[in-house]
Amino acid sequence: MTEATVEVATKPRRARREGRTAFFLLVPAVVVVLGVVGWPLVTTVLNSFRRVESALPKAPKPFVGLHNYAYILSDSDFWNAVRNTLYFTFFNTGLELILGVGLGVLMFQPMRGRWLLRVAVILPWALPTVVNAAMWRYYMNADYGPLNAFLVQTGLRQDYYSFLGSGTSAMNSVILVDVWKNTSLVAFFVLAGLQVIPKELYESAEIDGAGALRRFWSITLPLLRPVLAVVLVLRTIEAFKVFDVIYVMTRGGPASSTTSLALYAYKTAFSDQLFGIGSAISLVIVLFCLSLSLFYIRALGGSMGPEQS
Amino acid sequence: MHRVRWWVYVIAAVVIFIALAPIVWLAIASVTPSAALLEKPLHFFPAQIDLSRWRAIFTQGQNSPAGAFRIAMLNSLIIAFGTVVISLLVGIPGAYAFSRLRFRGRRTALMSFLATYMVPTIALVIPLYLIMANLHLLNTRIGLIIVYSSFVTPFVLWSLSNYMDGVPRELDEAATIDGAGRLRILWSVLLPLTRPGIFAAILFATLLCWDEFLYALIFTSTTASKTIPVAVAEFSGKFSTDFGLVAAGGVLAALPPVFIALAFQRYLVAGLVSGAVKG
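Those protein sequence lines, which keep their order, are chains A and B.
The first sequence begins at 1 in the numbering used here and counts up one residue at a time.
The second sequence begins at 310 in the numbering used here and counts up one residue at a time.
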């Protein structure tokens with residue numbers, strides 16, 4: 001209590017002094033992050049209004065106004081990338097969320113040998129993204145892929161299938177490969193959420209005659225909402241930025257059917273040397289991620305992690 | 310607690326198979342003779358074991374694909390280590406400021422650091438490429454260390470300031486009464502008590518660096534600077550028929566993160582979800 005009064009009395013001076021200390025303590029972090037994120041981001045915004053067709057520093061960069069944006073908006077390849085990215089994001093996040101809740105509930109069961117399940121589930125997540133993609137790219141090979149061998153030898157399929165050979169199938173395969181790796185993350189979030197739900201809630205619900213399904217809908221899911229909100233935001237943003245898994249598995253093919261926005265921006269900038277247009281495309285991703293998280297924060301209320309602490 | 314029904318065990322067994330089989334077989338493929346990999350029907354357990362790829366990785370020169378994996382592995386280790394050191398050096402003072410000092414714009418500053426997570430690599434990589442070219446940092450490990458510090462630092466700031474919030478302020482005050490300055494308090498009171506948090510942050514930072522691909526793909530093209538994800542991606546694209554060596558490189562690349570995940574599962578899971586399940 002005495003502390004409180006002291007704090008009130010000396011507040012302005014103390015706040016100013018602490019402000020100065022905080023400034024010095026934060027300068028190194030600000031320099032690192034602003035130098036590598038802030039400054040390049042500003043440059044990208046500026047470049048999106050210029051025609052930049054060379055990586056050389058002395059090359060001319062004429063100002064072209066909204067031309068780059070007008071160009072991408074009338075470009076069918078851009079809209080194809082938008083469609084692919086939305087499709088990937090929706091099914092990838094949706095599947096991970098549904099399977100992740102199931103897997104989290106499964107890991108929560110008081111089973112014997114539960115540790116083995118948890119160890120097995122964390123491993124796909126630990127595998128580097130590129131290794132995961134390179135591995136499944138081979139497993140799905142149409143001529144000698146082990147996944148094909150497994151499906152045929154167990155009688156699940158009659159013949160070898162070219163998973164990455166046609167558009168829709170390639171896209172769905174890439175989604176499944178990413179789901180295989182990242183569902184673990186969702187599951188561990190769900191498991192942690194389940195562990196803090198008071199057991200008494202279930203006990204009294206059971207006394208009231210609520211069945212297992214009813215308990216899941218009325219207790220588990222509502223109380224998991226804050227955790228699911230965080231995971232939803234993390235995974236949607238991550239999915240919308242997708243690059244690595246697609247680059248390694250299909251390079252965006254066959255025939256651009258798996259080209260995401262990030263991959264399209266990469267190709268436009270580094271293969272076609274159209275850096276201005278590439279900048280404009282990459283800013284579309286930034287805008288989408290920003291508006292998405294603002295939307296989530298609004299829609300899901302103050303249940304986000306950062307808001308709480 | 311209820312008794313777990315038999316079918317729950319069946320589901321668990323299926324899940325374990327789906328999660329483990331692809332990884333286990335990657336290791337098997339790395340010691341399967343090349344000809345056996347192309348057999349039809351495929352024998353999932355080879356009749357003979359072929360260790361030649363592993364021998365090549367550890368003994369061949371750096372111009373061979375196998376030797377390049379070894380160098381790439383070393384590069385990844387050095388880059389992860391350098392990044393973790395820099396991020397902790399700049400992140401710990403910052404985390405202290407966020408946790409212990411009141412100042413205007415505190416919340417905004419913290420949120421701005423977090424917001425960098427929303428900026429995709431592709432939106433930064435073009436200007437960074439030009440900057441790095443000017444500073445002669447392309448194809449260097451130090452270049453990647455600086456770039457990686459930019460995404461690891463916000464994470465360190467965020468997780469450690471959260472962790473420090475959990476250390477009672479009374480301890481600071483007691484130390485102040487004993488005449489300790491801020492630096493002294495940070496060093497002798499807060500850091501020892503946040504050791505588990507720092508440890509978890511180191512693990513995560515290592516995983517983040519280890520997995521990064523796009524920056525490394527664009528900024529490094531020489532064997533001397535390439536990281537292991539770039540090496541694996543390039544090799545699997547170029548020589549797609551020699552899957553055995555891709556598998557060996559993949560297993561090599563997966564060893565550090567898999568070891569971290571297995572040995573420190575509790576730390577990781579606790580650190581991962583600490584922000585999400587509070588309150």
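Every residue gets a Cβ at the ideal spot worked out from N, C-alpha and C, and that includes glycine.
| Asked | Found |
| --- | --- |
| Would you call the CB atoms of B:V399 and A:A29 closer than 8 Å? | yes |
| In chain order, what residues of the same chain have a beta carbon less than 6 Å from the beta carbon of B:A509, not counting five sequence neighbours either side? | Y576, G580 |
| Starting from B:I494, trace the alpha helix (DSSP H) in both directions and tell me its first and last residue. | 491-494 |
| DSSP state of B:R411, grouped into three classes? | coil |
| If contact means a Cβ-Cβ distance below 9 Å, which residues of the stretch 119-143 of chain A contact chain B? | V119, A120, V121, I122, L123, P124, W125, A126, L127, P128, T129, V130, V131, N132, A133, A134, M135, W136, R137, Y138, Y139, N141, D143 |
| Take B:S470 as the anchor and find which of B:T368, B:T503, B:I366, B:A563 has the nearest alpha-carbon. | B:T503 |
| Pull out every residue of the stretch 470-499 of chain B whose Cβ sits closer than 8 Å to any Cβ of chain A, in chain order. | N471, D474, E482, R491 |
| Mind reading off the beta-carbon distance from A:V130 to A:S184? Whole number of angstroms is fine, and I expect it under 8 Å. | Not confirmed; about 17 Å, so no contact. |
| Expressed to the nearest angstrom, what Euclidean distance is found between the alpha-carbon atoms of B:Y438 and A:T268? | 15 Å |
| From what residue to what residue does the alpha helix (DSSP H) around A:L95 run? | 76-108 |
| Name the chain A residues whose beta carbon is nearer than 7 Å to that of B:K252? | Not covered by the structure: residue 252 of chain B. The range shown for chain B is 310 to 588. |
| Measuring CB atoms only, is the stretch 454-471 of chain B touching the stretch 419-433 of chain B, in the sense that at least three cross pairs come out at less than 8 Å? | yes |
| Taking the straight line between their C-alpha atoms, what separation do you get for A:A4 and B:R411? | With a pLDDT of 47 at A:A4, under the threshold of 50, the modelled position of this residue cannot be trusted, and the question is left open. |
| Count the other CB atoms within 10 Å of the CB of B:I537; is the residue buried (16 or more) or exposed (fewer)? | buried |
| Roughly how far, in whole angstroms, is the beta-carbon of A:V152 from the beta-carbon of A:D143, given that I think they are within contact range, below 8 Å? | In fact, because the Cβ distance is near 13 Å, the residues do not count as touching under 8 Å. |
| Quick check on A:Y266 - is its C-beta less than 8 Å from some C-beta in chain B? | yes |
| Which one of B:Y472, B:Y426, B:A322, B:F573 has the shortest CA to CA distance from A:R112? | B:A322 |
| Please state whether the Cβ-Cβ distance between A:F88 and A:M171 is less than 8 Å. | yes |
| Distance cutoff 8 Å, beta carbons only. Does A:M1 sit that close to anything in chain B? | Because the pLDDT of A:M1 is 40, which lies under 50, any placement of that residue in the model is unreliable, and the number read from its coordinates should be weighed accordingly. Answer no: the Cβ-Cβ gap between A:M1 and chain B never drops below 8 Å. |
| Contact defined as beta carbons within less than 8 Å: I believe A:V310 pairs with A:F189. What is the distance between those atoms, to the nearest angstrom? | The requested residue 310 of chain A does not occur in the structure, where chain A is confined to residues 1 to 309. |
| Between the stretch 267-282 of chain A and chain B, which residues of the former have CB atoms less than 9 Å from a CB of the latter, in chain order? | A269, F270, F275, G278, S279, I281, S282 |
| Under a three-way DSSP split, which group does A:R50 fall into? | strand |
| How would you write the range of the alpha helix (DSSP H) that A:V130 sits in, first residue to last? | 129-139 |
| Closer than 7 Å by C-beta to B:V512: which residues in its own chain qualify, once you throw out the five before and the five after it? Chain order, please. | Checking the sequence, you will find Leu at residue 512 of chain B rather than Val. Hits under 7 Å: I569, F573, Y576, L577. |
| For a contact defined as C-beta to C-beta under 8 Å, what are the partners of A:I285 on chain B? | P429, I431, A432 |
| Under 8 Å, do A:A280 and A:S48 count as touching if we go by C-beta distance? | yes |
| Considering only C-alpha positions, which residue in the set B:I395, B:A483, B:W496, B:I440 is nearest to B:P463? | B:I395 |
| Based on the DSSP output, what are the partners of A:F63 in its beta bridges? | A:R50 |
| Just to make sure I have the definition right: I need the residues of chain B whose C-beta is within less than 8 Å of the C-beta of A:N80. Which are they? | Ordered by position in chain B, no residue passes the 8 Å Cβ test against A:N80, which lies about 17 Å from the chain. |
| Please identify the residue among B:V560, B:Q357, B:V461 whose C-alpha is closest to the C-alpha of B:G366. | Going by the sequence as given, residue 366 of chain B is Ile instead of Gly. If we check each option's Cα against that of B:I366, B:V560 comes out closest. |
| Output, in sequence order along the chain, the residues in the stretch 220-237 of chain A whose CB is closer than 8 Å to any CB in chain B. | P226, V227, V230, V231, I237 |
| Enumerate in chain order the residues of its own chain whose CB-to-CB distance from A:M1 is below 8 Å, with the five nearest sequence positions on each side excluded. | Legend: pLDDT at A:M1 = 40, less than 50; position of this residue unreliable, value from coordinates given subsequently. Excluding sequence neighbours, A:M1 sits near nothing in its chain. |
| Check A:K181 in the structure and name its three-state DSSP category. | helix |
| So which of B:A442, B:L397, B:A404 has the shortest CA-CA distance to A:P57? | B:A442 |
| Beta-carbon within less than 8 Å of B:R493's beta-carbon, same chain only, minus the 5 sequence neighbours each way: which residues are those? | A484 |
| Going along the chain, which residues of the stretch 445-459 of chain B sit with their C-beta nearer than 8 Å to a C-beta in chain A? | I455, V456, S458, S459 |
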